[in-house]
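Chains as they are written, first to last, in numbering that gives the first Met the number 0: chain A, 0 to 81; chain B, 0 to 81; chain C, 0 to 137; chain D, 0 to 137. Ideal Cβ placement from N, Cα and C applies to all residues, glycine included. See structure below.
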Amino acid sequence: MVRVRVLAFAAVRDLLGEHRLEIELEDGSRVGAAWDRLAAGHERLAALRPSVRVARNGRIVSFEERIADGDELALLPPVGGG
Amino acid sequence: MVRVRVLAFAAVRDLLGEHRLEIELEDGSRVGAAWDRLAAGHERLAALRPSVRVARNGRIVSFEERIADGDELALLPPVGGG
Amino acid sequence: MFRIGGAPIDPRELEAGLADPAYGGVVTFLGVVRDRADDGRRVDGLHYESYEPMALAEFAAIAAEAHERFGTVRLAIAHRVGDLQVGEIAVAVVAAARHRGTAFDACRYAIDELKRRAPIWKKERYADGEQAWKANAC
Amino acid sequence: MFRIGGAPIDPRELEAGLADPAYGGVVTFLGVVRDRADDGRRVDGLHYESYEPMALAEFAAIAAEAHERFGTVRLAIAHRVGDLQVGEIAVAVVAAARHRGTAFDACRYAIDELKRRAPIWKKERYADGEQAWKANAC
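Below is the structure:
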């Protein structure tokens, strides 16, 4: 198992109800699996998937990136506007 | 006769040796005559004529403008640069 | 000089931190909390939050880009987080350079890129009690 | 708010004078006395003088032009005269507007036009004791 710390921001944080949490996933899991775990059963949260970016240890990565034990995943709603 | 107050600035002031002076000119005199009176005998001052602008009562005028009694003439070296 | 925090922003302190006898042009941008949303709704205040380490890294990257694009320039960037009232400074960008053109270009580039890229989010608190996350525009 | 005088310029006071809950973008330009002339000569300080009534009228005209060109914007312009030391603020332009684009455009327009048109002159005092009138550039 890998254990990762998750940080949620802005609208994602509000929907998740928490800013900081820890989750455990199977070895070899990808970023997308972490998201899917958190969004399971949260329809409004799940709907944000296409717009949310994920930073793994401070660097934006794809949902296909593999997670390692001790990672920090940050769930970042869109920024920017003008 | 018309009596006018003259204000000199920057390089013009330095060459003239005064910031503020009064001169008397014949009735009907033009701005150019005031300048020529002040620059008479001052070779370096006279050389500034093409670059100096003159404000009569706060408004830039040509050397051909007629002077009236009580006018304020300001002798303005070039400004601006970038 | 890159900073994110809950304390009020003091632009003069940022400017003083960049002071250099070789620099003749200093341009400071202040983003201030307005009393209206872009759609005209009355706003009581804003709440900002950031992913601080990434935001600070983005500030530094933006400053390096400005330096490369516009020439020798020093930048200070500060963003406030937490609850802000109307009239308070949410963000300050100061650019100092030998001449003003560089300082203007760098300051504007930095605030434009900050708004576009930095992981900072803004929640508008409306006079009617509602709240909404909005794009981090001015 | 247009001012010419011998007292030190306080940019925060100028900014405060433009504060308005509808204005989210404030851009401040500070022109600071440098320790080198454009040709590299070491400068001890500057002396500024102005034809004050015309310079103030020019400030007001420039502000009106900026308003017309860039949209609703308020401007404060202050220029110092007399003897200044290296590091002191010689000129400050503050532009406040609803959004930052207008504030940036107006601030830059105002300082560019001020330098180009306002009857203000600068004398450089060099470290070797010489002095020279120079174009009022930054």
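Put simply, the backbone Cα of ARG2 (chain C) is about 30 Å away from that of ASP68 (chain A). Under DSSP, the beta-bridge partners assigned to LEU29 (chain C) are C:ALA91 and D:VAL25.
Chain order gives the chain B residues near ARG115 (chain D) as GLY79, where near means a beta carbon separation below 7 Å.
A straight-line Cα-Cα distance of about 6 Å links GLY81 (chain D) and GLY5 (chain D). The way I'd put it, the region 127 to 135 of chain C doesn't touch the region 58 to 68 of chain D; fewer than three beta-carbon pairs between them come closer than 8 Å.
Interface criterion not met: the Cβ of PRO49 (chain B) is under 8 Å from no Cβ in chain D.
Those residues of the region 5 to 17 of chain B placed with their C-beta closer than 9 Å to a C-beta in chain D are LEU6, PHE8, ALA9, ALA10, ARG12 and ASP13, ordered along the chain. Restricting attention to alpha helix (DSSP H) runs no shorter than 4 residues, the region 41 to 82 of chain D encloses them at 51 to 69, ordered along the chain.
Taking ALA9 (chain B) as the centre and dropping the five residues before and after it, the same chain places the C-beta of PRO76 closer than 6 Å to its C-beta, in chain order.
Counting of Cβ neighbours within 10 angstroms places SER61 (chain A) among the exposed residues, the total staying below 16.
Looking only at C:GLY70, C:ILE88, C:PRO7 and C:ALA21, the smallest Cα-Cα distance to LEU29 (chain C) is reached by C:ILE88. Here the alpha carbons of ALA117 (chain D) and ALA75 (chain D) stand approximately 15 Å from one another. Between VAL85 (chain D) and VAL42 (chain D) the beta-carbon gap is near 7 Å, inside 8 Å, which marks them as a contact.
Boundaries of the beta strand (DSSP E) harbouring VAL53 (chain B): 52 to 55, taken from the DSSP string. The way I'd put it, the region 26 to 39 of chain A does touch the region 47 to 62 of chain A; three or more beta-carbon pairs between them come closer than 8 Å. Sequence-ordered contacts of the region 40 to 72 of chain A with chain C read ARG52, ALA54, GLY57, ARG58 and ILE59 [C-beta pairs closer than 9 Å]. For chain A, the residues of the region 50 to 74 of chain C that bring a beta carbon within less than 9 Å of one of its beta carbons are TYR50, PRO52, MET53 and ALA56, in chain order. Per DSSP, reduced to three states, the secondary structure at ARG107 (chain D) is helical.
Inclusion of LEU13 (chain C) and ALA96 (chain C) in the CB contact set at 8 Å is not warranted, their separation being larger than that value. Listed as beta-bridge partners of TRP34 (chain B) by DSSP are no residues whatsoever.
The Cβ of PRO7 (chain C) sits no closer than 8 Å to any Cβ of chain D.
Within its own chain, the residues whose Cβ lies closer than 6 Å to the Cβ of LYS122 (chain D), once the five positions on either side in sequence are excluded, are HIS46, GLN130 and TRP132, listed in chain order.
Shown here for GLY23 (chain C): same chain residues with a beta carbon closer than 7 Å to its own, the five before and five after excluded, namely ARG97 and HIS98 in chain order. Each residue's CA atom was taken as its position, placing ASP127 (chain C) and THR71 (chain C) some 48 Å apart. Checking the DSSP bridge columns, you'll see ARG4 (chain B) partnered with B:GLU21 and B:GLU71. Taking a Cβ-Cβ cut-off of 8 Å, LEU24 (chain A) has no neighbours in chain C, whose nearest Cβ is about 21 Å from it. Look at ARG124 (chain C) here: in three-state DSSP terms it is strand. Against chain D, a Cβ distance below 8 Å from LEU20 (chain B) picks out nothing, because the smallest value is about 15 Å.
Within chain B, PHE8, ALA9, ARG12 and HIS18 have C-beta atoms less than 9 Å from the C-beta of GLU48 (chain D), given in sequence order. Taking the Cα positions, ARG43 (chain A) is about 25 Å away from GLU25 (chain A). Against ILE119 (chain D), the close residues of chain B are VAL78, in the order they occur along the chain (beta-carbon pairs closer than 8 Å).
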